[in-house]
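*Asks:* So the sequence shown is residues 42 to 720, counted in our numbering. All residues carry an ideal CB built from backbone N, CA and C; glycine is no exception. Source: prediction; values computed, not measured.
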Amino acid sequence: MKKLLIGLGVVVVLLLAAVIVIPMLVPLDSYKGEIQARAKEATGRDLRIDGEISLSLLPVIAVSVEDVGISNAPGATAPEMATIDRLDVALQIWPLLSGEVAVDRFILEQPVINLEVDANGRPNWQFEAAEATAPSGGGSGDSAGSGGGDSGATVSEIRLGEVRLVDGTLNYIDRQGGQEITVSEVNMELSLPSLSSPFAADGSAVWNGETVSLEIAAENPRALMAGETTNLAMKVDSAPVAFSFDGAARKTDALGLQGALSLDIPSVRELAAWTGNPIDFPGEGLGPFSIAGDLEMMGAKVALTGAKIRFDEINGEGLFSVDATGAKPAIKAELTVDELNVNPYLPPEQEPAAGGQASGQASGGSGGGDAGGDWSDEPIDVSGLGAVNADFAFKAGGIQYRDVKIGQSNLTVVLQNSKLTADLAEMQLYEGSGKGKIVLDGSSGKPSISADFDLANFQAGPFLQDLAKFDRILGTTESKLSVKTTGGTQRELVSNLNGNGAVVFRDGAIKGVNLAAMVRNISTASLEQSFDEAQATDFAELSGTFTIDKGIVSNDDLALIAPLVRMTGAGKVPLPPRTVDYVVKPKLVATVEGQGGGGDLAGVTVPVKVTGPWHDISYKPDLESVLKEQMKDPGAVIEKLQDGENPEEMLKDLVPGGGSGSDGGSSSPLDLKKGLLGN
42 MKKLLIGLGV VVVLLLAAVI VIPMLVPLDS YKGEIQARAK EATGRDLRID GEISLSLLPV
102 IAVSVEDVGI SNAPGATAPE MATIDRLDVA LQIWPLLSGE VAVDRFILEQ PVINLEVDAN
162 GRPNWQFEAA EATAPSGGGS GDSAGSGGGD SGATVSEIRL GEVRLVDGTL NYIDRQGGQE
222 ITVSEVNMEL SLPSLSSPFA ADGSAVWNGE TVSLEIAAEN PRALMAGETT NLAMKVDSAP
282 VAFSFDGAAR KTDALGLQGA LSLDIPSVRE LAAWTGNPID FPGEGLGPFS IAGDLEMMGA
342 KVALTGAKIR FDEINGEGLF SVDATGAKPA IKAELTVDEL NVNPYLPPEQ EPAAGGQASG
402 QASGGSGGGD AGGDWSDEPI DVSGLGAVNA DFAFKAGGIQ YRDVKIGQSN LTVVLQNSKL
462 TADLAEMQLY EGSGKGKIVL DGSSGKPSIS ADFDLANFQA GPFLQDLAKF DRILGTTESK
522 LSVKTTGGTQ RELVSNLNGN GAVVFRDGAI KGVNLAAMVR NISTASLEQS FDEAQATDFA
582 ELSGTFTIDK GIVSNDDLAL IAPLVRMTGA GKVPLPPRTV DYVVKPKLVA TVEGQGGGGD
642 LAGVTVPVKV TGPWHDISYK PDLESVLKEQ MKDPGAVIEK LQDGENPEEM LKDLVPGGGS
702 GSDGGSSSPL DLKKGLLGN
């Protein structure tokens, strides 16, 4: 027994001596050639080892290699696919016998990884030798089985001690897609006492000049690997974006998450620019965005319920979901917002042309005002409509478009195959109410628009002022409108506009002109009467219908009922040149017995021409039409002259206000001619 023990002791000593002394005596550099040959055989690439190699076998297997590189694929940008300044690995021996991997130390210092996809879509990490060594399917079953994955040893446990990646760099080039990415200063530490113990990862990297930190904690990695549920927490923090998740995870065919999510983006525009996808979108919006709620995710399907969302100045809550499994993402949302202000997402309004008439405007009126704005000829890009499909339902406490303020509203927006439909099922509008629908179809590359509105009992004055800076008509209003158009620019859209509508104003006024006074003093009226803030025509009702044909608005049934005057009207409003060509025919009421049409309408009808560009409309009493109307019976005029009636007195009778008096009326045909001809 004693001799046996001594023998065993000698064997142990010899083994220890071999393990300790042999690595010191054997020149490991002599194996570089063999290692490089094996690497070439396995990958088809050249392995470079310029630094020292050190090896120890006890108490752990420890290998240290310095200055290592592996060559890149032919035609790649960088000469080497990967370089490592230093690799230090320490692996416990005895756990390997039971199928466990226990890493005491794994330190990778200053690795540089160059990944690249060539113009044909072939990645440089696809090795030629790996493709050539695929099983042939014939030959010995033993030899085939010995290399199979099923017969290989399985790993029952993984233990990670000190695992660090220090100052790494990742370069990615996609020549087919035209994309280049560099991630530098990559530092990461991992901790995993066992597969059943909590896993932790903590690291950071620099991308596009911003430092991004990452934290991951999983309670039970083994459960996750087995398709069971385990607690998971993730946090990403950077200046452009911050993200956190705290809940549970499950990995089956795809990764599933369920828990509390928070996303905070200080500026959507800056985030897009940082990721290399700057947003070319009109307006000043797309700033701060934040969302928090309960997340349910399975692969490319994501749903967020109980969500609180803030986007620019819009605050809301509801549910939000994205399904990215199809050809294009499908987004659905049901949100209640305080106020939906769309102004930050609209292009800036066209500035008025500098000096003179704006392009395309017809001259007219007094010509004393500055030129108004003009329609834009800039192409309208609707390609963004094809990026996603969406189905939004909004309940808004208010909606603002430009200066137009809409009250409490229910709005649904559906975007499907580049066609957007916005349906206002209910809206409060300037003390009234209404509904409307707008369809924008960009599937042809040029916008095609249709709109239908039915509005009731709203106040026209503030509405028209906010909508078009037009404040010359006041009153409680009902209106219906149905229009459609298509075109690649704003001017084309206006020029192709077609449709019809009707409007009724009640208990209102026309600001800027007193029709009754104009009729009473027609003989002393100047050739042109421009807008006068102090003048107004009050009315009980003003109504009419209109049609729109290629941008020209036509009306022939305008009717006004006022205390002292009745009026009809007809004409056109050509939208492309932004002008007015209209004639109204007011008639004095001899008595003021109500406004329903029962008064004496025996007064003279005096047509008034309303003409000029929108920014400088003028009003002209049409005296020539007055005389023609009154002299339709030339025989009666001749008879009066044959009876010896004075011509001057006869003309005074024909023209209201034609006699002399305190109103300064013309006293002779010559004076009237001067008024008509202006000389």
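For Ala153, tell me which candidate among Asp159, Ser112 and Gly116 has the shortest Cα-Cα distance.
*Replies:* As a first step, residue 153 is located in the sequence shown; it is residue number 112 there, counting from the start. As written in the sequence, residue 153 is Val, which differs from the Ala given in the question. With distances taken between Cα atoms, Val153 lies closest to Ser112.
*Asks:* Note the first and the last residue of the continuous alpha helix (DSSP H) segment covering Thr530.
*Replies:* In the sequence shown, the residue the question calls residue 530 occupies position 489. Per DSSP, Thr530 belongs to no alpha helix (DSSP H) and is neither H nor E.
*Asks:* Taking the continuous alpha helix (DSSP H) assigned at Gly502, which residues delimit it?
*Replies:* Counting from 1 along the sequence shown, the entry for residue 502 is found at position 461. Here the alpha helix (DSSP H) through Gly502 covers Ala501 to Ala509.
*Asks:* Excluding the five sequence neighbours on either side, which residues of its own chain have a C-beta within less than 6 Å of the C-beta of Gly637, listed in chain order?
*Replies:* Working through the sequence shown from its first residue, we reach residue 637 at position 596. Low per-residue confidence applies at Gly637: pLDDT is 44, beneath 50, and the placement is therefore not dependable enough to give any value.
*Asks:* Run through DSSP, which three-state label would Gly585 get?
*Replies:* Indexing the sequence shown from 1 puts residue 585 at position 544. Reduced to three states, the DSSP call for Gly585 is strand.
*Asks:* Express the C-alpha separation of Lys349 and Ala501 in angstroms, rounding to a whole number.
*Replies:* In the sequence shown, residue 501 corresponds to position 460, counting from 1. In the sequence shown, residue 349 corresponds to position 308, counting from 1. In a straight line, the C-alpha of Ala501 is about 37 Å away from that of Lys349.
*Asks:* Take the Cβ of Asn458 as the centre, count every other Cβ of all protein chains shown within 10 Å, and call the residue buried at 16 or more, exposed below.
*Replies:* To locate residue 458, count along the sequence shown from 1; it is residue 417. The residue is exposed, with fewer than 16 neighbouring Cβ atoms inside 10 Å.
*Asks:* Between Val625 and Gly610, is the Cβ-Cβ spacing less than 7 Å?
*Replies:* The count along the sequence shown starts at 1 and reaches residue 625 at position 584. The count along the sequence shown starts at 1 and reaches residue 610 at position 569. Closer than 7 Å, so yes.
*Asks:* Roughly how far, in whole angstroms, is the beta-carbon of Glu358 from the beta-carbon of Thr377, given that I think they are within contact range, below 8 Å?
*Replies:* Stepping through the sequence shown from its first residue, residue 358 is reached at position 317. Stepping through the sequence shown from its first residue, residue 377 is reached at position 336. At roughly 6 Å, the Cβ-Cβ gap stays under 8 Å, so Glu358 and Thr377 are in contact.
*Asks:* By Cβ distance below 7 Å, which residues in the same chain neighbour Gly548 in space, the five residues on each side in sequence not counted?
*Replies:* Looking up residue 548 in the sequence shown gives position 507. According to the sequence displayed, residue 548 carries Asp and not Gly. Only Gly516, Thr517 and Ala581 meet the Cβ criterion.
*Asks:* Can you tell which of Arg310, Thr270 and Ile320 has its C-alpha closest to the C-alpha of Gln299?
*Replies:* What you label residue 299 is simply residue 258 of the sequence shown in a count that begins at 1. Looking at the Cα atoms, Thr270 is the closest of the given residues.
*Asks:* Cα-Cα, which of Ala301, Glu150 and Ser584 is closest to Leu336?
*Replies:* Here residue 336 refers to the residue found at position 295 of the sequence shown. Of Ala301, Glu150 and Ser584, the residue nearest in Cα terms is Ala301.
*Asks:* Identify the residues that DSSP records as bridge partners of Gln469: which are they?
*Replies:* As a working note, residue 469 is residue 428 in the sequence shown. According to DSSP, Gln469 shares a beta bridge with Ser474.
*Asks:* How should Ser485 be labelled, buried or exposed, when 16 other C-beta atoms within 10 angstroms of its C-beta is the threshold for buried?
*Replies:* Locating residue 485 in the sequence shown gives position 444, where the first residue counts as 1. Classification of Ser485: exposed, given that the 10 Å Cβ count is below 16.
*Asks:* Can you tell me the Cα-Cα spacing of Ala557 and Asp663, whole angstroms?
*Replies:* In the sequence shown, counting from the first residue as 1, residue 557 sits at position 516. In the sequence shown, counting from the first residue as 1, residue 663 sits at position 622. Cα-Cα distance, rounded: 15 Å.
*Asks:* From Phe435 to Ser245, what distance separates their C-alpha atoms?
*Replies:* Here residue 435 is taken as the residue at index 394 of the sequence shown, counted from 1. Here residue 245 is taken as the residue at index 204 of the sequence shown, counted from 1. Roughly 39 Å between the two C-alpha positions.
*Asks:* Gly340 and Ala295: beta carbons closer than 7 Å?
*Replies:* Working through the sequence shown from its first residue, we reach residue 340 at position 299. Working through the sequence shown from its first residue, we reach residue 295 at position 254. Yes. Within cutoff.
*Asks:* Specify, as a first and last residue, the run of the alpha helix (DSSP H) that Ile76 falls within.
*Replies:* The sequence position of residue 76 within the sequence shown is 35, counting from 1. Segment Lys73 to Thr84, the alpha helix (DSSP H) holding Ile76.
*Asks:* Are there three or more Cβ pairs, one per stretch, closer than 8 Å when the region 420-435 is compared with the region 360-370?
*Replies:* The region 420-435 makes contact with the region 360-370, as at least three CB pairs between them are under 8 Å.
*Asks:* Could you name the residues that DSSP lists as bridge partners for Ala131?
*Replies:* The residue labelled residue 131 in the question sits at position 90 within the sequence shown. Its beta-bridge partners are Ala103 and Arg146.
*Asks:* Within 10 angstroms of its Cβ, does Asp573 collect 16 or more other Cβ (buried), or is it exposed?
*Replies:* For the purposes of this step, residue 573 is identified with residue 532 of the sequence shown, where counting begins at 1. So Asp573 ends up on the exposed side.
*Asks:* Starting from the C-beta of Ser177, find all residues in its chain whose C-beta is less than 7 Å away, skip the five residues before and the five after it, and write them out in chain order.
*Replies:* Reading the sequence shown from its first residue, position 136 is the one you call residue 177. Below a pLDDT of 50, predicted positions are generally treated as unreliable, and Ser177, at 47, falls in that range; the measurement from the model is reported next regardless. Here the set comprises nothing.
*Asks:* Between Gly334 and Leu345, how many whole angstroms is the CB-CB distance? I'm expecting something under 8 Å.
*Replies:* As a position in the sequence shown, residue 334 is number 293, starting the count at 1. As a position in the sequence shown, residue 345 is number 304, starting the count at 1. Contact between Gly334 and Leu345 holds, since their C-beta atoms are separated by about 4 Å, short of 8 Å.
*Asks:* With respect to the beta strand (DSSP E) encompassing Ala333, which residues constitute its N-terminal and C-terminal limits?
*Replies:* By one-based count along the sequence shown, residue 333 stands at place 292. Counting along the chain, the beta strand (DSSP E) containing Ala333 begins and ends at Phe330 to Met339.
*Asks:* Under the DSSP definition of a beta bridge, which residues are partnered with Glu358?
*Replies:* Locating residue 358 in the sequence shown gives position 317, counting from the first residue. Glu358 is bridged to Lys349 and Thr377.
*Asks:* Assign Gly604 to one of three DSSP states: helix, strand, or coil.
*Replies:* Locating residue 604 in the sequence shown gives position 563, where the first residue counts as 1. According to the sequence shown, residue 604 is Pro rather than Gly. Of the three classes helix, strand and coil, the one that applies to Pro604 here is coil, per DSSP.
*Asks:* Could you check if Leu538 is buried or exposed, using at least 16 other CB atoms within 10 Å of its CB as the buried criterion?
*Replies:* Along the sequence shown, one-based indexing puts residue 538 at 497. It is buried - the Cβ of Leu538 has at least 16 other Cβ atoms within 10 Å.
*Asks:* With DSSP as the reference, label Gly610 as helix, strand or coil.
*Replies:* By 1-based counting over the sequence shown, the position of residue 610 is 569. Note: Gly610 maps to strand in three-state DSSP.
*Asks:* Out of Asp108, Ser95, Ala577 and Val104, which one is the CA nearest neighbour of Arg89?
*Replies:* Working through the sequence shown from its first residue, we reach residue 89 at position 48. Checking every option, the nearest Cα to that of Arg89 belongs to Asp108.
*Asks:* Enumerate in chain order the residues of its own chain whose CB-to-CB distance from Ser417 is below 8 Å, with the five nearest sequence positions on each side excluded.
*Replies:* By 1-based counting over the sequence shown, the position of residue 417 is 376. Cβ neighbours of Ser417 within its own chain (closer than 8 Å, five residues either side excluded): Gln391, Thr530, Gln531 and Arg532.
*Asks:* What three-state label does DSSP hand Trp248 in the structure shown?
*Replies:* Your numbering for residue 248 matches position 207 in the sequence shown. Three-state DSSP puts Trp248 in a strand.
*Asks:* Between the region 453-468 and the region 507-526, do three or more beta carbon pairs fall short of 8 Å?
*Replies:* no
*Asks:* Opposite Glu419 in the DSSP bridges: which residues?
*Replies:* In the sequence shown, counting from the first residue as 1, residue 419 sits at position 378. Within the DSSP bridge table, the entry for Glu419 names no partner.
*Asks:* When the Cα of Val445 is compared with those of Asp507, Ser666, Glu325 and Arg79, which residue comes out closest?
*Replies:* As a working note, residue 445 is residue 404 in the sequence shown. When each option's Cα is compared against that of Val445, the closest is Asp507.
*Asks:* For Pro627, count neighbouring Cβ atoms within 10 angstroms of its own Cβ and tell me buried if that reaches 16, exposed if not.
*Replies:* For the purposes of this step, residue 627 is identified with residue 586 of the sequence shown, where counting begins at 1. Burial call: buried.
*Asks:* Could you spell out where the alpha helix (DSSP H) holding Val630 opens and where it closes?
*Replies:* Mapped onto the sequence shown, residue 630 falls at position 589. Careful: Val630 lies outside any alpha helix (DSSP H) and carries neither H nor E.
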